[in-house]
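Residue 49 is where the sequence shown starts when you use this note's numbering, and the numbers rise one by one after that.
Working notes for the structure below.
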Amino acid sequence: MNGTVTGVPDGDGFLFLHTPGPGWQWPLKFRWMPKLKPSGAGEVIRMRMAAIDAPEMGKGGEEGQPFSIESRDWLRSQILGKTIHCQLLKREGQYGRMIVLPFLPPRFLPWWLTGNRGTNLPEESIRRGWAFVYESESGVFPHPQKREGYLALMREAQKAKVGMWKNGTSLETPGQYKKRTKQAVTPEISDDVVEASEEEKSWIQLKLKNIFGRR
């Protein structure tokens, strides 16, 4: 899926407006982004990046984890307002989010000319020291064998003391933080089958409008 990032609430998730088909990019641009509501409700998809877990933002009056804001701000600086490509890996039935492998496309040549999808954002987030590798063995990875590669990237970031590792490696993981604060641990995957919510139905309607080029 190709689309535009309309919001970044934390370091491992974002809001995504699907823009299928040609005409969204220069020099062949003839479609324009719709005017979104402040919340984006009904028009965007909630995406969660596969393989990683960023420091948790504060919720319900609870103070967030150290570096949660820095992690979110780094991701915002990379993708907010930009067109990215998302490879869909799983849908979270209970929470309505999509688990994706997102890529920030190359700046100059399109991927279909070079075969290069661009910057792998979960890998880059780990490399910059702004995310943990997802703890659970049941976490979604592009391929099961990729987990070791992601862990190796995290060890390199720790050794280089970049991002949240600048003061050492003894950091509380997001999973440990949720248990300590007695928050519900959000499963990364779910096999629940659910009907489309009103938000999803609205998104489908918007998608159909986009396909037919309606401004």
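Where is the CB? At the ideal position from N, CA and C, for every residue including glycine.
Comparing alpha-carbon positions, the option among Ser116, Lys209 and Val92 lying closest to Met49 turns out to be Val92. Apart from sequence neighbours up to five positions away, the residues of its chain that approach Ser119 with a beta-carbon distance below 6 Å are Gly59, Ala102, Pro103 and Trp178, ordered along the chain.
In the DSSP assignment, Lys107 falls outside any alpha helix (DSSP H) and carries neither an H nor an E. Glu196 counts as exposed, since fewer than 16 other beta carbons sit within 10 angstroms of its beta carbon.
Ile127 and Val53 do touch by the CB rule: their CB atoms are close to 5 Å apart, below 8 Å. One alpha carbon belongs to Glu140, the other to Lys214, and they sit about 33 Å apart. By the Cβ neighbour-count rule, Gly109 is exposed, with fewer than 16 other Cβ atoms within 10 Å of its own. Around the Cβ of Glu111, a 10 Å sphere holds fewer than 16 other Cβ atoms; the residue is exposed. Ranked by Cα distance from Arg94, the options Tyr225, Arg175 and Pro150 are led by Pro150.
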